[in-house]
Structure formats: C-alpha cells, structure tokens
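K.L.:
This is the structure I have questions about; it appears just below.
There are 2 protein chains.
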Amino acid sequence: MDDLRPWRWLIGVIDYGGLQAAADHFHRTPSTLSHAIKQLESQIGLSLVTYHGRRLVLTEIGQLLSCRMRPVLRDLDGAQALATQLAQGVEPVLCVAIDQIIPLALIADVFSIVAESYPQTRIELFETILGGGPAMMLEGTVGLYLGTQMVTGMPALALDRLRLVPCAARTHPLVTHAGAEVGQVTEADLRRYRQIVIRDSAPSRLANGSWLSAEQRFTVDHLHTAIDLIESGLGFAWLPETLLSSHPDLSILQMADTVADEADIHLVFDAGFASGLAGACLIGEIRARFDSRAKV
Amino acid sequence: MDDLRPWRWLIGVIDYGGLQAAADHFHRTPSTLSHAIKQLESQIGLSLVTYHGRRLVLTEIGQLLSCRMRPVLRDLDGAQALATQLAQGVEPVLCVAIDQIIPLALIADVFSIVAESYPQTRIELFETILGGGPAMMLEGTVGLYLGTQMVTGMPALALDRLRLVPCAARTHPLVTHAGAEVGQVTEADLRRYRQIVIRDSAPSRLANGSWLSAEQRFTVDHLHTAIDLIESGLGFAWLPETLLSSHPDLSILQMADTVADEADIHLVFDAGFASGLAGACLIGEIRARFDSRAKV
DNA sequence: CACCTCATTTCGATATATTCGAAGTATTTT
DNA sequence: AAAATACTTCGAATATATCGAAATGAGGTG
C-alpha cells in the first residue's frame, strides 16, 4: 500500500512513451511493469490505463491521480537525496561567520560553488563585526570564521592582508579642504571630524582598538549603513581598500604620513566543520580564492 | 527503495512510544518492524535509531530524516485518500451554477456539509445571471443549476417560490414621496425612476423580460454591485424578498396594486452529476433545505 | 549483588510477492 | 494478408517479508 514503485513505473510508462522503454529505464521487463500496474489498479479499484490503438495511455482518473502522485514522488526523491548526501558525510547545514570588513565580493562565488555541489546543504551566514565572529566560534554556533581577528585556542590560517584606508565622501571637508591637493591630511585633522564606527557584534564587549582616536563618533550596526552614511557626507571611516572600487562616491584621504592600518585575513575552522564534505569544499574554495589572488 | 513502509513504521515507533505499541497499530510483530528499520538503516547507510536506556530513540540524523519524511507520508496519504474517494464514486470536482438572484444564505451551509463529507472534492461555483446558468448547463460546463429559469430539454425540480419585490433605499423619492404613507406607488411611478438591472451572464443574449418597464436603466454585472447602487440611492430594483432582511437600508416599495413578481426556484442537474456521491449529496442537501423550509 | 522483567534483536522456517521468459492477443504497418 | 509492434497472461524460479521462538541487554528490585 505504501510502495510507490508501481506509481513510479506507471508514470515512467507514460513519460518514456511505452512499456518497453520504461522497462529499460527501470531495469525491469515489460511484464513486471504491466503486472505491477494491473495490481495497482485492482488495489485502488480504478482503471488507470487504457488503450489508444496499441499504445498505453492514462484514463481520465489515471491522469488525475498520476498528476497528484508526481509531487509526492519528487518530494520523496528530494528526501532520498538528502539521505544519500548525509550518508556520504554531507552536512545538512553549514554555519559560518564572516566579518563584515571582509569584502564579500572576494568569496561570493564560493557560496554558489558549494551550493551547487551540495544542494541539500543549507548555508547559514552570519555577518559579524570584530569580536562577534570569534564569539560565535567559541560558543559553537558556527564552525568557520573569516575575519581579521584571532580565535583564542583555535589555529588560524592567514590568507591575505587587508589594507584599511581612511575614506570619506568626495564632498567631505577632509577631501575638499584639508590639503586635498597634496595629500596632507593629518591624524589631528581626523580627530576634528566625525568618524563612523561599526559596533562590535560580540554579545558584551565595549568598543576598543586603534580607530578610536576621533573625538566625534557615530556607531552603527552594519557596514552598509556605515557606507551609506559616509556617502552622504556624515563622516569618515577606515574601510578596506578593495571596497573603494565599487563605491565611486568615496575618496581615500591622502594622509600626510601615509598611515594605513593593515590586518591579516584569518580563516579559522573547527575539526567538525572540516570533516564534513560540504565544509571541506567550502574551506578548499576559500583557500583557492586567496591562493589565486596571491599569484595574480 | 520506494517502499515507504519502513519509514512509516519508524515514525510510528517514535510516535507510539515503542516497538510493541507500534507493532499493534500496524498489525505486525515487533520483530517485523525491527527488521525493517535495520534494513532501512543499512540501505541508506546511516544509523537512525539508538538506545536511551531501554527505549528506542532517533539519532540526530534519524530525527532530521524522519522530519523530512513526515510531509512526504502526509502527502501520500492525501493522494491515497483521493484515490479511495474516486474509487467510491466521489467526483474530484463539482461544477455548479447558481443564479445570483437566489439568496446564497438559503443554501450556504450546504457547501460546508458537502466539503466536510467529501474533502477531496473541489467545488467550482459559478454565480450566474438569467440565461447564464442554463447556458453553462447546456454546454456541459456545470452539472447543476439553481435558479429561476428552465433549461431546455432538462427536467427541472421546483423547490420553492421566490417573491421579487420592488425596493429602493429609504432615502429614495419612491419611498419618501410617491404616496409613502399609504403605499400608493404605481407602475407609472416606477417608470419615472432609474431601475438597476443585472446583466444577463449568458454569452450572447439581449436583456428581456418583465422588469424592463422602466425607462431609465442602469445595468451591472453583479448582484452586490446592484445592491450597493440601490443603497446609495441611485435607483430601484426588483429583488428577492428574503434578501431585504439582511439589508436594513433597503425598503420595499408599497405598490398600489400589490404587484409582486413571483418566480419558481428550479433545481436542474444532469444524470452524471447525480451519479457521483458528492453530487448526490449536494442535491440531497439542497432539497432538504427547501423541504424543511416548506414545513416551517 | 543476583535476579527478574521488559523491550528489543536475532534466527530460522514458512508464506507471500516479485520478477522473468515464453507464449498469447490485439493493432498497426507493409 | 502477413509481419511487426505493443502489451498481457501464465507459470516457474527467486527473492522478500513475516512470524514465533529464543537470545540479548538494560533497569529495576529484593
């Protein structure tokens, strides 16, 4: 009663256009399929197929029921695919934290590749700030972290260096006034203007670090909010140099003493994450992305 | 591979709280279920159950997969219910036409009763006007018609009489002026005001009939549109007397010569409609509704 | 700590169902 | 009219599903 093979075969006979063709596909003989279909008909007490010449076609009821059964079969196939994937060591869900300071463009296609190879794996991406990612690693919410920080007690892999440059809107006084033509903005100049800071996403930690030298601060939760504010001329901020190319309204502040913050991009993951197939694929693809960048 | 019984049994073991209990429910022995579950595990290469003390519980993967399988089983049950219903002669769809002039309140609960008894049957209700319903009967779009008209060549069952009375908004001149206190509205009075008419929903037919004595006409497509217009004082119309109770803003025009259009409510259905279980139920319920009204 | 009980598993026998190949039937093509 | 095609029926070999009985193992009990 719960065996769906007769339905699958019935639908196969229709789709492949004949008992013989379907039998080939299912590696059975035509008599097997014919018998199963007859049995199905007698079980439900309805005739599902009939002759159109010497060709087997669905009756009206057969059409109705096969249409109703198709989604059931599709859904079952999906569930079976999930089981197969799980059996091969593919994780059902991949939780990763990526600091917002990492330009997602660097690794955007990585996710498409993983999603294509492991369609049954759901990806949960947390866009963290500063200590937020490491905190999620420590509490086990995520199994992989990509950002500039280190995670205490976990080995980190340095992939690349990220240059953080001070920047502001083209219309901002730091660009238009303070020695714009000769690149003579000083740290003292910076202190006179409002700095946009992104709030640490770690549960309980006060903001700290080197970029707190400005007197006036404006703290937001998301990088994109910060960029919007900068573009509207509200203040300046230290942003990854690579981000500038996609935001033409932003201008690098030409510092007098060529100060640029540099930070390592660290990849941190736990053993469990690396042992799953999808996780290993994700790690491999991320590394490949940065290896190839190093070469170019 | 497509046999869902092992899944159903696995889920049953969890739901009923034990192998023995589930075995009773499925009319199998515990060993059968145990064997099937073991086989399922070895087929997909994953362990689905484990011990918690001497109680059988799902592993993490077992939980994931059984959650994924539950909707598949539910959907399959739905499809099988449809097959069972069809086998018993229940139609998958019931197409009926009811003239908008018939107050739906008279038979509203009929549809709930049919829908409850035959949940797999979809009901397609066409709200027709005048010749529209009979036309759909003749072209076979619907198998049942409820309205005041006859359908040529088909036996009609008279259920009740429908009194059509002229009515208008309480603020309409026909109510406030033309002999309001003694009920002395004449047909000549009617001709002087705008009548709201509902357009025949038959594909190609000019409006006709007795209610075309008014000079000014306003033709609309839906009864509810007509009522809205009448309530806003735009004109008068002939409406079923029973409809008035649910529209307190409407007032019956007290005619001088107590003219009231009366029409029979006819029930027409074809043999195919009556031979289906849901169709027969619908017919029976409609008749019961009018029989009981006659007694009261 | 030994014993008993309960729930599940394993095992072997039996009944049932599936599958195939061969022969049969109907329909279209040549 | 004969041949080819497409499906069905039939009987036998094979595979599987199911059961009951015995074994296992964990928890509670004296």
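Protein chains in written order, with numbering that gives the first Met the number 0: chain U, 0 to 295; chain Y, 0 to 295. Just so you know, even glycine gets a beta-carbon here, dropped at the ideal spot from N, CA and C.
Exposed or buried, which one is Y/Gln38 when buried takes at least 16 other CB atoms within 10 Å?
P.N.:
The sequence position of residue 38 of chain Y within the second sequence is 39, counting from 1. Counting Cβ neighbours within 10 Å, Y/Gln38 comes out exposed, since fewer than 16 surround it.
K.L.:
Can you find a CB in chain Y that lies within less than 8 Å of the CB of U/Ile229?
P.N.:
The residue given as residue 229 of chain U occupies position 230 in the first sequence. So, not an interface residue.
K.L.:
Which residues, in order along the segment 49 to 81 of chain U, keep a beta-carbon less than 9 Å from a beta-carbon of chain Y?
P.N.:
Answer in chain order: Ile60, Leu63, Leu64, Arg67, Met68, Pro70, Val71, Leu72, Asp74, Leu75, Gly77, Ala78, Gln79, Leu81.
K.L.:
Contact criterion: CB-CB distance below 8 Å. Does U/Ala86 meet it with respect to chain Y?
P.N.:
Locating residue 86 of chain U in the first sequence gives position 87, where the first residue counts as 1. Interface residue, yes.
K.L.:
For Y/Val92, which residues in the same chain have their Cβ closer than 8 Å to its Cβ, ignoring the five residues on either side in sequence?
P.N.:
In the second sequence, the residue the question calls residue 92 of chain Y occupies position 93. Thr120, Arg121, Ile122, Glu123, listed in sequence order.
K.L.:
Do you know whose CA, among U/Ala21, U/Leu145, U/Arg160, U/Gln19, lies nearest U/Ser239's CA?
P.N.:
On the first sequence, residue 239 of chain U is found 240 positions in, with the first residue counted as 1. Before going on, a small fix: residue 239 of chain U reads as Pro here, not Ser. Ranking U/Ala21, U/Leu145, U/Arg160, U/Gln19 by Cα distance to U/Pro239 puts U/Arg160 first.
K.L.:
Could you please tell me which residues of the segment 87 to 110 of chain U, in chain order, have their CB closer than 8 Å to any CB of chain Y?
P.N.:
Against chain Y - using a Cβ distance shorter than 8 Å - the residues of the segment 87 to 110 of chain U are Pro91.
K.L.:
Measuring from the CB of U/Asp23, is there a heavy atom of the ligand MN at a distance below 7 Å?
P.N.:
Of the ligands one can find in the structure shown there are none, so the ligand MN has no counterpart to examine.
K.L.:
Is the beta carbon of Y/Leu163 closer than 8 Å to that of Y/Glu323?
P.N.:
With chain Y covering only 0 through 295, there is no way to say anything about residue 323 of chain Y.
K.L.:
Does any CB atom of chain Y fall closer than 8 Å to the CB of U/Leu276?
P.N.:
The sequence position of residue 276 of chain U within the first sequence is 277, counting from 1. No, U/Leu276 lies away from the interface with chain Y (no Cβ there is under 8 Å from its Cβ).
K.L.:
Buried or exposed for U/Met0, please, with buried defined as at least 16 other CB atoms from any protein chain shown within 10 angstroms of its CB.
P.N.:
Within the first sequence, residue 0 of chain U is the residue found at index 1, counting from 1. The residue is exposed, with fewer than 16 neighbouring Cβ atoms inside 10 Å.
K.L.:
Report the CB separation of Y/Leu3 from Y/Leu47 in whole angstroms; it is logged as a contact under 8 Å.
P.N.:
Stepping through the second sequence from its first residue, residue 3 of chain Y is reached at position 4. Stepping through the second sequence from its first residue, residue 47 of chain Y is reached at position 48. No, Y/Leu3 and Y/Leu47 are not in contact; Cβ-Cβ is about 14 Å, not under 8 Å.
K.L.:
What residues in its chain sit with their C-beta under 6 Å from that of U/Gln183, if we drop five residues either side in the sequence?
P.N.:
Taking the first sequence and counting its residues from 1, one reaches residue 183 of chain U at position 184. Cβ neighbours of U/Gln183 beyond the five flanking positions: Ala255.
K.L.:
Would you decide whether Y/Val56 is buried or exposed? Buried here means 16 or more other CB atoms lie within 10 Å of its CB.
P.N.:
Reading the second sequence from its first residue, position 57 is the one you call residue 56 of chain Y. Exposed: under 16 other Cβ atoms inside 10 Å.
K.L.:
Cβ closer than 9 Å: which chain U residues qualify as neighbours of Y/Arg4?
P.N.:
Locating residue 4 of chain Y in the second sequence gives position 5, counting from the first residue. Going along chain U in sequence order, the residues near Y/Arg4 (Cβ under 9 Å) are Met0, Asp1, Asp2.
K.L.:
Where in the segment 19 to 50 of chain U do unbroken runs of the alpha helix (DSSP H), each at least 4 residues long, occur, reported from the N-terminal end onward?
P.N.:
Within the segment 19 to 50 of chain U, the complete alpha helix (DSSP H) runs of at least 4 residues are 29 to 43.
K.L.:
If the criterion is Cβ atoms closer than 8 Å, does the pair Y/His265 and Y/Ala134 meet it?
P.N.:
Numbered from its first residue, the second sequence carries residue 265 of chain Y at position 266. Numbered from its first residue, the second sequence carries residue 134 of chain Y at position 135. Taking 8 Å as the Cβ cut-off, Y/His265 and Y/Ala134 do not qualify as a contacting pair.
K.L.:
What ranges does the alpha helix (DSSP H) occupy inside the segment 215 to 286 of chain U, keeping only unbroken runs of at least 4 residues that lie completely in it?
P.N.:
Runs of the alpha helix (DSSP H) inside the segment 215 to 286 of chain U: 222 to 230, 270 to 274.
K.L.:
Drop a sphere of 10 angstroms on the beta-carbon of Y/His26, count the other beta-carbons inside from all chains shown, and report buried for 16 or more, exposed for fewer.
P.N.:
Locating residue 26 of chain Y in the second sequence gives position 27, counting from the first residue. With fewer than 16 Cβ atoms within 10 Å of its Cβ, Y/His26 is classed as exposed.
K.L.:
Would you kindly work out how many angstroms separate the C-alpha atoms of Y/Cys280 and Y/Glu186, rounded to a whole number?
P.N.:
Residue numbering aside, residue 280 of chain Y sits at position 281 when the second sequence is read from its first letter. Residue numbering aside, residue 186 of chain Y sits at position 187 when the second sequence is read from its first letter. Approximately 44 Å between the Cα atoms of the pair.
K.L.:
Under 8 Å, Cβ to Cβ, is there at least one residue of chain U near Y/Arg121?
P.N.:
One-based indexing of the second sequence puts residue 121 of chain Y at position 122. No, because no Cβ of chain U sits closer than 8 Å to the Cβ of Y/Arg121.
K.L.:
Using only the alpha-carbon positions, how far apart do Y/Ala86 and U/Arg7 sit?
P.N.:
In the second sequence, the residue the question calls residue 86 of chain Y occupies position 87. In the first sequence, the residue the question calls residue 7 of chain U occupies position 8. Their Cα atoms are separated by approximately 20 Å.
K.L.:
Name, going along the chain, the residues of the segment 229 to 248 of chain Y whose beta-carbon falls closer than 7 Å to a beta-carbon of chain U.
P.N.:
Cβ contacts with chain U come from no residue of the segment 229 to 248 of chain Y.
K.L.:
Cβ of U/Cys94 within 8 Å of Cβ of U/Thr127?
P.N.:
Within the first sequence, residue 94 of chain U is the residue found at index 95, counting from 1. Within the first sequence, residue 127 of chain U is the residue found at index 128, counting from 1. No. Outside cutoff.
K.L.:
For U/Tyr15, does the three-state DSSP call read helix, strand or coil?
P.N.:
Position 16 of the first sequence, counted from the first residue, corresponds to residue 15 of chain U. Three-state result, U/Tyr15: helix.
K.L.:
For U/Gly146, which residues in chain Y fall below 7 Å Cβ to Cβ?
P.N.:
Here residue 146 of chain U corresponds to residue number 147 of the first sequence, with the count starting at 1. Within 7 Å Cβ-Cβ: nothing; U/Gly146 doesn't reach chain Y, min ~29 Å.
K.L.:
Taking the alpha carbon of U/His221 as the reference point, which residue from U/Thr170, U/Ser200, U/Leu81, U/Thr83 has its own alpha carbon closest?
P.N.:
Residue 221 of chain U sits at position 222 when you count from the first residue of the first sequence. Cα-wise, what sits closest to U/His221 is U/Ser200.
K.L.:
Within 10 Å of its beta-carbon, does Y/Cys166 have 16 or more other beta-carbons around it, so buried, or fewer, so exposed?
P.N.:
Along the second sequence, read from residue 1 onward, the residue named residue 166 of chain Y stands at position 167. Under this definition Y/Cys166 is a buried residue.
K.L.:
What does the alpha-carbon distance come out to for the pair Y/Val113 and U/Pro29?
P.N.:
As a working note, residue 113 of chain Y is residue 114 in the second sequence. As a working note, residue 29 of chain U is residue 30 in the first sequence. Distance between the alpha carbons of Y/Val113 and U/Pro29: 42 Å.
K.L.:
From the DSSP output, read off the bridge partner residues of U/Ile97.
P.N.:
Residue numbering aside, residue 97 of chain U sits at position 98 when the first sequence is read from its first letter. DSSP lists U/Glu126, U/Leu145 as partners of U/Ile97.
K.L.:
Quick check: Y/Gly142 and Y/Gly11, are their CB atoms within less than 8 Å of each other?
P.N.:
Position 143 of the second sequence holds residue 142 of chain Y. Position 12 of the second sequence holds residue 11 of chain Y. Cβ distance not < 8 Å, so Y/Gly142 and Y/Gly11 don't count as in contact.
K.L.:
By the 10 Å Cβ neighbour count, where 16 or more other Cβ atoms means buried, how is U/Thr147 classified, buried or exposed?
P.N.:
Working through the first sequence from its first residue, we reach residue 147 of chain U at position 148. So U/Thr147 counts as buried.
K.L.:
Can you name the residues that DSSP bridges to U/Val109?
P.N.:
On the first sequence, position 110 is the one that residue 109 of chain U refers to. U/Val109 pairs with nothing; no bridge assigned.
K.L.:
Nearest by alpha-carbon distance to U/Glu284: which of U/Ile226, U/Leu228, U/Ser116, U/Pro70 is it?
P.N.:
Indexing the first sequence from 1 puts residue 284 of chain U at position 285. It is U/Ser116 whose Cα lies nearest to the Cα of U/Glu284.
K.L.:
Would U/Ala80 be called buried (16 or more neighbouring beta carbons within 10 Å of its own) or exposed?
P.N.:
Position 81 of the first sequence holds residue 80 of chain U. Exposed.
K.L.:
For Y/Gln42, count neighbouring Cβ atoms within 10 angstroms of its own Cβ and tell me buried if that reaches 16, exposed if not.
P.N.:
On the second sequence, residue 42 of chain Y is found 43 positions in, with the first residue counted as 1. By the neighbour-count rule (16 or more Cβ atoms within 10 Å), Y/Gln42 is not buried but exposed.
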